[in-house]
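**Student:** Residue numbers (this note's numbering), protein chains in the order written: chain A, 1 to 112; chain B, 1 to 114.
Glycine included, C-beta positions come from ideal geometry on N, C-alpha and C.
Structure in structure tokens, see below.
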Amino acid sequence: NAGVTQTPKFQVLKTGQSMTLQCAQDMNHNSMYWYRQDPGMGLRLIYYSASEGTTDKGEVPNGYNVSRLNKREFSLRLESAAPSQTSVYFCASSEGGLPPLHFGNGTRLTVT
Amino acid sequence: RKEVEQDPGPFNVPEGATVAFNCTYSNSASQSFFWYRQDCRKEPKLLMSVYSSGNEDGRFTAQLNRASQYISLLIRDSKLSDSATYLCVVLRSSSGGGADGLTFGKGTHLIIQP
Chain A
1 NAGVTQTPKF QVLKTGQSMT LQCAQDMNHN SMYWYRQDPG MGLRLIYYSA
51 SEGTTDKGEV PNGYNVSRLN KREFSLRLES AAPSQTSVYF CASSEGGLPP
101 LHFGNGTRLT VT
Chain B
1 RKEVEQDPGP FNVPEGATVA FNCTYSNSAS QSFFWYRQDC RKEPKLLMSV
51 YSSGNEDGRF TAQLNRASQY ISLLIRDSKL SDSATYLCVV LRSSSGGGAD
101 GLTFGKGTHL IIQP
């Protein structure tokens, strides 16, 4: 019972490089989310997908794109990474778009 | 007032003691409340939901005070394994109830000392 799985666990990028963070859940949840967590700040929502085929911006969407590939998978793409995107990224899912959220174990991204 | 506020701590508490901390929220129409636990360098995990009448789960008790707009978490007989950061999470009333409407506090760091 894996729950929510994120890859990679760690990544270092140079400014301007691109990458995609992968997330998959095996709980048959409709809704999926991407958050970032920075020191001294609460988790902030980047993008979410209420159901397969839909995506919406959250609180801090600039510099990111997402794709809801199917019900299981929701990816986050950084097209041109910036040092301000250094953070820990968490993917989450929920049943029926309602709380509570189930989180993946995070991706630690450093942009130099 | 910030949307969700928590004392960042750290709270240093001897093993076996009782500890309590609060979280205040600014929107009086907020609907739902949760406590999450986050261990160092790990993902947040749901500890418990907070119900209007208060609720208990083993050594943990959560309370909601709508009049003063805060929720609390009380931990009795604290264990070394309770050391973690506790996140207060509030569902905004404007979100329609969906999980996209959750606001996370910055967390309270708890250290249980032997």
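Chain B beta carbons: is any one of them nearer than 7 Å to that of A/P99?
**Tutor:** yes
**Student:** What whole-angstrom Cβ distance do A/L101 and A/Y33 have, given they're in contact under 8 Å?
**Tutor:** 7 Å
**Student:** Can you list the residues of chain A that B/V13 reaches, using a CB-CB cut of under 9 Å?
**Tutor:** Those do not exist, as B/V13 stays about 22 Å from chain A at its closest Cβ, beyond 9 Å.
**Student:** Closer than 9 Å by beta-carbon distance: list the chain E residues that pair up with A/F90, in chain order.
**Tutor:** No chain E is present in this structure, whose protein chains are A and B.
**Student:** Starting from B/D57, find everything on chain A with Cβ-Cβ shorter than 8 Å and list it in chain order.
**Tutor:** None at all; the shortest Cβ gap to chain A is about 14 Å.
**Student:** Can you tell me which of the three DSSP states A/L101 falls into?
**Tutor:** coil
**Student:** Go ahead and label A/M41 buried or exposed: buried means 16 or more other beta carbons lie within 10 angstroms of its beta carbon, across all protein chains shown.
**Tutor:** exposed
**Student:** Determine the direct distance from the alpha carbon of A/G106 to that of A/F90, and round the result to whole angstroms.
**Tutor:** 5 Å
**Student:** Could you work out which residue in A/H29, A/V12, A/D56 is closest to A/L21 when comparing CA atoms only?
**Tutor:** A/V12
**Student:** Assign A/E59 to one of two classes, buried (16 or more other C-beta atoms within 10 Å of its C-beta) or exposed (fewer than that).
**Tutor:** exposed
**Student:** Kindly indicate which three-state DSSP category B/D7 falls into: helix, strand or coil?
**Tutor:** coil
**Student:** Which residue wins for smallest C-alpha separation from B/G9, given the options B/Y51, B/S83, B/Q69?
**Tutor:** B/S83
**Student:** In chain B, which residues lie with their C-beta within 8 Å of the C-beta of A/N105?
**Tutor:** K42, E43
**Student:** Could you give the uninterrupted runs of the beta strand (DSSP E) lying entirely in the segment 12 to 93 of chain A, keeping only those of 3 residues or more?
**Tutor:** 19 to 25, 31 to 37, 44 to 49, 64 to 68, 74 to 78
**Student:** How many angstroms separate the CA atom of B/E3 from the CA atom of B/I112?
**Tutor:** 28 Å
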